[in-house]
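Protein chains in written order, with this note's numbering: chain D, 74 to 318; chain A, 74 to 318. Heads up, the thing below is written out as structure tokens.
Number of protein chains: 2
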Amino acid sequence: MSQTTNKYAVHCQSCSISRLCLPVMLAEAEVEHLDSIVQRSRPVRKGEHLYSANETFENVFAIRSGSLKSYTLSEDGIEQITGFHLPGEIVGLDAITDHQHPSFAKALETSSICAIPFEKLEVLARQMPGLQQQIFKVMSQEIREDQELMMLLNKKSADERLAAFLINLSQRFARRGLSSAVFHLTMTRSDIGNYLGLAVETVSRLFTKFQQKQLIKVQDKEVTILDIESLSDLAGTSCHFVAKK
Amino acid sequence: MSQTTNKYAVHCQSCSISRLCLPVMLAEAEVEHLDSIVQRSRPVRKGEHLYSANETFENVFAIRSGSLKSYTLSEDGIEQITGFHLPGEIVGLDAITDHQHPSFAKALETSSICAIPFEKLEVLARQMPGLQQQIFKVMSQEIREDQELMMLLNKKSADERLAAFLINLSQRFARRGLSSAVFHLTMTRSDIGNYLGLAVETVSRLFTKFQQKQLIKVQDKEVTILDIESLSDLAGTSCHFVAKK
DNA sequence: CGAGGGATTGAAGAATGTCAATTCGTGTGG
DNA sequence: CCACACGAATTGACATTCTTCAATCCCTCG
Chain D
74 MSQTTNKYAV HCQSCSISRL CLPVMLAEAE VEHLDSIVQR SRPVRKGEHL YSANETFENV
134 FAIRSGSLKS YTLSEDGIEQ ITGFHLPGEI VGLDAITDHQ HPSFAKALET SSICAIPFEK
194 LEVLARQMPG LQQQIFKVMS QEIREDQELM MLLNKKSADE RLAAFLINLS QRFARRGLSS
254 AVFHLTMTRS DIGNYLGLAV ETVSRLFTKF QQKQLIKVQD KEVTILDIES LSDLAGTSCH
314 FVAKK
Chain A
74 MSQTTNKYAV HCQSCSISRL CLPVMLAEAE VEHLDSIVQR SRPVRKGEHL YSANETFENV
134 FAIRSGSLKS YTLSEDGIEQ ITGFHLPGEI VGLDAITDHQ HPSFAKALET SSICAIPFEK
194 LEVLARQMPG LQQQIFKVMS QEIREDQELM MLLNKKSADE RLAAFLINLS QRFARRGLSS
254 AVFHLTMTRS DIGNYLGLAV ETVSRLFTKF QQKQLIKVQD KEVTILDIES LSDLAGTSCH
314 FVAKK
């Protein structure tokens, strides 16, 4: 066992978010196998990169605590945030294709990360049907979420985008046993705008607008959802045409 | 062997686009195994659905010839096209997560399709490392492409989007041994607009604009790329700020 | 030959971006 | 411990791209 493994030992067996992570479908003995290939190192601090574009792909990463953003850089150096990631989620899956990371992953706060050597994971997956299934599911889920995001960016107004974003975060926090009503944004307004395809100023204006409409309360990075109903309506059902009348 | 398998028998071993499809990394004997679980049925005709949202997920589908579009419907019934698919590509991967299709796949022209029972594929993948790897790669690739599309929708102007779309199509045709300069659009202008997050009118205007600039030649559904250089520049490097000056 | 969807083109309007100024908050260094 | 500096956030005024609406044309397919 490596030193790093000892030092930051939190085993999958006792990990609080294992039910959201790869071990979900595994028997106890299987979890031990998985655990044995997982590498844990010192926490990644805010602003540090977990991986960068063009780096060789070796591991996928499971988030144990904290939060990350992943993003790509276009040829002209423009940052495009492709996702925010919470505990239990797996990042780095976009690198499998050609063994090189196409994107960056950066910590939004100090975060604990499990590195999982992908080649070993593949081998294990062949022996453990449940693990293979779970990997497929996680990847499938990501494809689906990206599609939903596309829908959001393509068809929805600025109001709808931000509402959907907040609802989405709320639900994800809830699944992790945190409050769905009050939560902390670890990303900047600029990050949110970048992710949603909006100017920072627009995001800022919307926050105040939502606050005036008593949908949410915002104090710096602390968001309180006051009217989840209306916010959901805004996020989901209303469309350009209807909204206008 | 089922009747359908006989009737439309084109085996993976002799399939012209197998190098773009799942068999890529397999030994000949392995391809035979894969081939034995693949189901081929009568071609899907233009406008017919390969699968629809909420249907139970059983197969992923490989496209042998023709083209498809996949799309989702929002709660308010708005169509959002999430991709156009060419021979060699696999569709239905977004359904693995919860055994239900979240999206629709519709033929844009008469298309030959291979249905691959996913449960059988999973079993096979455990026995054939190369197959498992290829499935992972295909899924990873899709995640990556969705991210690129997000970048496109989020950060690029209408001109850049259409240019990128045309370049992308051109490259994909080229990989399939077709002309990268002259090709046929099987989707409508409306489809293109939907996919790129633009109004049909905008797409139409851009086609004429590109034509005036001698970048392309368009005659109905037939596109000829005249100046791939400039078009690539437009698609990739130029950014809002620079372009404005 | 007629009908209907697809495509094109023009004119006007709206949503959002851009620019600019100010405030706020936080972390750093003296 | 305070002052400063710098990035983040907010707010206002203006600019612009793209959408929306409307009319017309075209092509295909019954």
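Ideal Cβ positions, reconstructed from N, Cα and C, are used throughout, including at glycine.
For residue j and residue i, believed in contact at Cβ under 8 Å, the rounded distance
| i | j | result |
| --- | --- | --- |
| Ala254 (chain A) | Ala308 (chain A) | Wrong, their Cβ atoms sit about 16 Å apart, outside the cutoff. |
| Ile189 (chain A) | Ala272 (chain A) | Going by Cβ atoms, the distance from Ile189 (chain A) to Ala272 (chain A) rounds to 37 Å, so no, they are not a contact pair. |
| Ser305 (chain D) | Ile240 (chain D) | 6 Å |
| Arg199 (chain D) | Arg199 (chain A) | 5 Å |
Neighbourhood of residue i by C-beta distance below 7 Å, restricted to the same chain and skipping five residues each side
| i | result |
| --- | --- |
| Ser303 (chain D) | Leu288 |
| Leu181 (chain D) | Lys119, Ser140, Leu141, Lys142, Thr259, Met260 |
| Leu299 (chain A) | Gln287, Leu288, Ile289, Lys290 |
| Leu225 (chain A) | Arg234, Ala237 |
| Thr129 (chain D) | His172, Gln173 |
| Tyr144 (chain D) | Glu152, Gln153, Ile154, Thr155, Ser176, Phe177 |
| Asn132 (chain D) | Gly165, Ala188, Ile189, Pro190, Phe191 |
| Gly203 (chain A) | Met98, Leu99, Glu103 |
| Leu279 (chain D) | Ala231, Asp232, Leu235 |
| Asp108 (chain D) | His84, Cys85, Gln86 |
Buried or exposed by the 16-neighbour rule on C-beta atoms within 10 Å, applied to residue i
| i | result |
| --- | --- |
| Gln220 (chain A) | buried |
| Asp171 (chain A) | exposed |
| Glu274 (chain D) | exposed |
| Ala100 (chain D) | exposed |
| Lys229 (chain A) | buried |
| Asp149 (chain D) | exposed |
| Gln205 (chain A) | buried |
| Gln207 (chain A) | buried |
| His158 (chain D) | buried |
| Glu121 (chain D) | exposed |
| Ser75 (chain D) | At Ser75 (chain D) the pLDDT is 45, less than 50, meaning the model places this residue with poor confidence and gives no usable figure here. |
| Ser311 (chain A) | Annotation note: pLDDT 41 at Ser311 (chain A) (below 50); position unreliable, coordinate value reported separately. Answer is buried; the Cβ neighbour count reaches 16. |
| Asp293 (chain D) | exposed |
Proximity below 7 Å, CB of residue i to CB of residue j
| i | j | result |
| --- | --- | --- |
| Glu103 (chain A) | Met201 (chain A) | yes |
| Val196 (chain A) | Ala178 (chain A) | no |
| Ser138 (chain A) | Ser185 (chain A) | yes |
| Arg249 (chain D) | Pro175 (chain D) | no |
| Thr183 (chain D) | Met223 (chain A) | no |
| His257 (chain D) | Glu295 (chain D) | yes |
| Ser277 (chain D) | Arg262 (chain D) | yes |
| Asp167 (chain A) | Arg245 (chain D) | no |
| Ile169 (chain D) | Phe209 (chain A) | yes |
| Gly270 (chain A) | Asn227 (chain D) | yes |
| Ile110 (chain D) | Lys193 (chain D) | yes |
Any chain D beta carbon closer than 7 Å to residue i
| i | result |
| --- | --- |
| Ile151 (chain A) | yes |
| Cys312 (chain A) | Note that Cys312 (chain A) scores 38 on pLDDT, short of 50, meaning its location in the model is unreliable; the coordinates nonetheless yield the value given after this. Judged by the 7 Å Cβ criterion, Cys312 (chain A) is in contact with chain D. |
| Glu105 (chain A) | no |
| Arg199 (chain A) | yes |
| Thr183 (chain A) | no |
| Leu166 (chain A) | yes |
| Arg245 (chain A) | no |
| Glu215 (chain A) | yes |
| Thr77 (chain A) | Only weak support exists for where Thr77 (chain A) lies, its pLDDT of 46 falling under 50; the coordinates are left without a value. |
| Phe209 (chain A) | yes |
| Gln285 (chain A) | no |
Neighbour flag for residue i against chain A, beta carbons, 7 Å
| i | result |
| --- | --- |
| Phe130 (chain D) | no |
| Lys318 (chain D) | Residue placement at Lys318 (chain D) is flagged as unreliable, the pLDDT there being 28, under the threshold of 50; a coordinate-derived value is accordingly withheld. |
| Pro160 (chain D) | no |
| Ile189 (chain D) | no |
| Thr170 (chain D) | yes |
| Glu148 (chain D) | yes |
| Asp264 (chain D) | no |
| Lys119 (chain D) | no |
| Phe280 (chain D) | no |
| Pro96 (chain D) | no |
| Thr155 (chain D) | yes |
| Leu235 (chain D) | no |
| Asn127 (chain D) | no |
Cβ-based neighbour list, residue i, same chain, cut-off 8 Å, excluding 5 preceding and 5 following
| i | result |
| --- | --- |
| Ala82 (chain A) | Arg113 |
Beta-carbon proximity list for residue i, same chain, < 6 Å, skipping 5 on both sides
| i | result |
| --- | --- |
| Gln86 (chain D) | Val104 |
| Tyr124 (chain A) | His174, Ala178 |
| Ala247 (chain A) | Ser253 |
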